[in-house]
Structure formats: structure tokens, C-alpha cells
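*Asks:* In this note's numbering, the protein residues as written are 115 to 254.
For every residue, glycine included, the Cβ atom is placed at its ideal position computed from N, Cα and C.
As the structure is a computational prediction, the values presented were derived from the model and not from experiment.
One structure, as C-alpha cells, below. Some questions next.
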Amino acid sequence: MADEVNEVVEGDGYAVANVDGLGEGPGFRKVRRTLGVTAFGVNAIELPPGYETGRHFHERQEELYFLHRGHIELTLNDDTTHRLGPGGLARVDASTIRKIKNVGDEPALYVVTGGKDGYVGRDGQLPEGETSRVGPSPGA
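Printed below as a string of C-alpha cells:
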């Protein structure tokens with residue numbers, strides 16, 4: 115069995131890491147740059163209890179927020195708010211004004227992915243000789 119990844123490991127055509135290994139304390143964790151992502155933007159942000167981001171929007175990029183841990187309140191446009199817990203997801207159009215506040219007692223850590231120009235379609239392929247994408251591991 116492989117060891118759990120705690121630091122960035124790069125290979126031929128891939129990079130793996132643990133978000134906690136990308137930095138400590140509040141602020142941005144540069145996921146895109148660290149892992150060499152070029153097709154879209156992605157960062158992780160740690161927000162201390164009681165802190166909030168400034169209101170902002172984007173010119174072009176739609177964003178997807180994934181809350182890894184903690185509890186946040188997402189305020190959109192006209193002060194519509196949604197509370198998210200661990201595993202929470204939110205998609206926000208580029209022009210939608212957004213603000214995030216940590217409403218929990220612990221630091222919140224969320225991942226933001228952004229991009230533009232659309233979905234490329236389901237282009238996954240099975241390697242030659244493979245017959246299934248999902249199933250129990252051999253010997254399980």
C-alpha cells in the first residue's frame with residue numbers, strides 16, 4: 115500500500131499533494147502554481163473564525179467553491195446568504211458579487227476553482243485492455 119501524500123510529489127504527467135502541506139495559517143494556498151495546473155485556476159483559502167473576504171466579482175471566470183472544513187456563510191449579490199458546512203459546494207457566475215465569512219469556531223478551508231469557455235465534454239477513455247472504470251479492487 116502506498117504512503118499517504120503530505121508533500122508535493124511530481125511524476126510524468128501528474129502532481130499530487132495534500133492541501134495542508136501547501137501552507138500554514140490563514141490566507142491563500144497556491145494550488146494551481148504548486149501542482150502546475152494550466153487549464154483552469156484553483157487555490158485553497160484558509161479563513162480564521164469571524165473573518166470575511168471582501169466583496170468581489172470577476173470579468174470572465176465562473177467559480178466553484180468546495181468547503182473542505184469549517185462553516186462559512188456565502189453572501190451573493192443582494193445579500194442572499196447561504197450557510198455551508200464541510201463538503202458544501204457553490205457555483206458562482208463571474209458577474210455575481212460574492213463574499214465569504216467564517217461563521218464557525220475553527221478555521222475554514224475552502225478550495226476555489228475558476229475557469230471560462232466551457233465544459234470540454236466527457237472525454238475520459240479506458241486504456242487499451244481495460245473493461246471497467248469502477249469496481250472493487252482486485253483481492254477486495
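DSSP on arginine 183, reduced to helix/strand/coil?
*Replies:* strand
*Asks:* Please state whether the Cβ-Cβ distance between glycine 228 and glycine 141 is less than 7 angstroms.
*Replies:* no
*Asks:* Give me, in chain order, the residues of the same chain whose beta-carbon lies closer than 8 angstroms to that of histidine 268; leave out the 5 immediate sequence neighbours on both sides.
*Replies:* Summary: the structure shown does not reach residue 268, with the chain confined to residues 115 through 254, and so no result is reported for it.
*Asks:* Starting from the Cα of glutamate 160, find the closest Cα among Thr189, Pro221, Arg236 and give me that residue.
*Replies:* The shortest Cα separation from glutamate 160 among Thr189, Pro221, Arg236 belongs to Pro221.
*Asks:* Among Pro250, Phe180, Val130, whose alpha-carbon lies nearest the alpha-carbon of arginine 205?
*Replies:* Phe180
*Asks:* Give the range of the alpha helix (DSSP H) segment to which leucine 149 is assigned.
*Replies:* Here the alpha helix (DSSP H) through leucine 149 covers 145-149.
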